[in-house]
Amino acid sequence: MGGQRSLSPQSNQQQVDKLKLAQIAIKKRTSKPNFFTTYRTHVIISIIVGIIIIAVLSFNKQIKEYIIINQSEINSHNSQGYPYTLGPNDFFQNVTLMQAKTLFKNDFTQQINVEKCKVLINFEIPSYFNFKESYPHCSHNIYNQGNCSSSYSIAVSSAFSDRVCKVNSTQQLSAQNLLSCDGKLNQGCKGGHITRSAEYIIKHGLTNNECHPFRGDDNFQECTKALEKCQRFKANSYCQLLNKDDIKRDIINNGPVVAIMQVYKDFLVYRDGIYQVLEGIPRFHGGHAVKIIGWGEQNGYQYYIIENTWGKSWGIEGIAKLSIDGFIDLQQFKQIKIQMIRTPSHSFYMRNSHNQSHSPIPQQKFITPEKLVRVSGSSGVKMNSIQKNGTRIRSETIETVNKIKEQQKLQEYVQEFEYQFVQQKNEEQQQLELRILMLLQKNHDQAQEMEELKQENEQLKQLLYEQQTKIVEQSQEILALKVYKDGLKKLSFSDYFRQQNI
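The opening position of the sequence shown corresponds to residue 781 in this note's numbering, with each subsequent residue numbered one higher.
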């Protein structure tokens, strides 16, 4: 019997399965993605940003509410055997971290270049020295800066006062005078710079503490003509010390120096011992000025003796021992700027308010023990007695004076030669260190560039893989469409009707 031969049940079922797969592929190809699929990345990023904002706000709230003096943290630190101990003090009693941040708005300078100091190097540095012990008549009360970022003015005026006292045994100079009257160069209780304070002393000078007592605020109204009647002390220059040996020599020769340091949280509750920067301790942004009055060594640690401005209840009655090079975290140690100012020989001038004349206060020279000469009998310089016709110096005395002057000139020449030699050596070392740093930076840049190329290569590989996967998926869709097309050609009307009702 003629007619078209019908498909077997098995063949029909295969055609139906292929048609279903083709319909799924077409639906997947033509259907629109839902909202989450389209904006999934945006939603995830928004959630992450929201979490970060909440965390930051929570952290700021913790800073505002965090009390600095935490006895449990102090006990935990003291039980771990560190070279320094912590303890409560009156200055930071009930003070939060947020409130303490306002105290550290001080810096060394805004200048690009500051003159380097020339320091005499013709004597051996002792292992211990404390200016307050060597010159007890120059030792004054520890300042309390209160809620005012004035450490820059206190440290500079106090160091300058000590240097004047060393050569003139005068009374304490006024830190309030610098804080209240230096409004054009610095910002009073809002912070200031060490070099600008020195420039003020060079130009205007400082009064004594009796004329302008310290109160700890920045009342600029006090700088009236009444203060002009006070005696003033001026400096003629300042400079920057570059290494710890120069710092020590200059303190012995001339008196304390000023430093800017960065402050870490545990330094606020320092009690005793040799302070070091420990890893993981939070650091305040900004700087704090201190006065270095000496140095020493204890249990293998070298340290500076610094005088702070947080009252006598802090530290060792206002004093601290700061590690010179024994920091655990060297990267944090590099952030502490040991930058000093000092005034050279014959730099202190006293202005008399009556005649406005300037007379230099003679600079006391430091003489090492081996340079001391005992004068007895005919040794040394002899002076004739006063005669009726006036004073006369014998010719042999004049010759002796001339010889001493020649010896002094020769000694100054040798000192200048030694200084130039050290400066040249330091410059060569600095150039070598700079060259090493440049090579290290170049090596770092090349390594970073190589790492970026590797990442770019990985991204290209990932992109290639995604394109290949997309091509495979498109090929499968094309094949499914072909099968669907062929199935439609071979499918009878009855089979198609039955398939649609499945």
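Note that CB positions come from ideal geometry on N, CA and C, so glycine has one too.
Outcome for residue i when other beta-carbon atoms lying within 10 angstroms are tallied against a minimum of 16
i       : result
Gln1247 : exposed
Lys1241 : exposed
His973  : buried
Phe1013 : buried
Glu1232 : exposed
Val1049 : buried
Gln1020 : buried
Lys1183 : exposed
Tyr980  : buried
Lys1265 : exposed
Met1230 : exposed
Ser1255 : exposed
Thr1123 : Only weak support exists for where Thr1123 lies, its pLDDT of 38 falling under 50; the coordinates are left without a value.
Gly1095 : buried
Lys983  : exposed
Ser937  : buried
Lys1250 : exposed
Asn874  : exposed
Tyr1245 : exposed
Gly1074 : buried
Phe1201 : exposed
Lys885  : buried
Gly1098 : buried
Asn966  : buried
For residue j and residue i, believed in contact at Cβ under 8 angstroms, the rounded distance
i       : j       : result
Leu1007 : Ser977  : With 8 angstroms as the limit, Leu1007 and Ser977 do not qualify as a contact, their Cβ atoms being about 17 angstroms apart.
Asp998  : Gly971  : About 10 angstroms separates the two Cβ atoms, so there is no contact after all.
Leu986  : Ser954  : 6 angstroms
Ala1100 : Gly1035 : With a Cβ gap of about 19 angstroms, Ala1100 and Gly1035 do not count as contacting.
Ala935  : Ala1069 : 4 angstroms
Cys961  : Cys1003 : 4 angstroms
Phe872  : Ile848  : 5 angstroms
Beta-carbon gap between residue i and residue j smaller than 8 angstroms
i       : j       : result
Ile901  : Lys1028 : no
Val899  : Asp1105 : no
Leu1102 : Tyr1083 : yes
Gln956  : His992  : yes
Thr889  : Tyr846  : no
Gln952  : Asn910  : no
Phe897  : Asp1026 : A small fix is needed here, since residue 897 is Cys in this sequence, not Phe. Closer than 8 angstroms, so yes.
Val1043 : Ile1072 : no
Reference residue i; option with closest CA among the options
i       : options                              : result
Ile1085 : Pro1062, Tyr1245 and Ala1039         : Ala1039
Ser852  : Pro863, Leu1219, Ala1100 and Asp1046 : Asp1046
Asp887  : Asp1026, Thr975 and Gln956           : Thr975
Gln1078 : Tyr908, Glu1253 and Pro1036          : Tyr908
Thr1059 : Arg943, Lys1262 and His857           : It is worth fixing the name first, because residue 1059 is Glu in this sequence and not Thr. Cα-wise, what sits closest to Glu1059 is His857.
Asp942  : Ile1032, Gln1239 and Asp797          : Ile1032
Arg1051 : Tyr864, Ile1258 and Asn850           : Tyr864
**Report entry** Inter-stretch contact (C-beta, 8 angstroms, three-pair minimum) for the region 1045-1058 and the region 924-937
**Finding:** no
Worksheet item: Contact between the region 873-887 and the region 1064-1078: three or more CB pairs below 8 angstroms?
Response: yes
**Study point:** Stretch pair the region 853-869 + the region 904-919: three plus CB contacts closer than 8 angstroms
**Key:** no
| field | Contact the region 1075-1091 vs the region 920-927: 3+ CB pairs below 8 angstroms | value | yes
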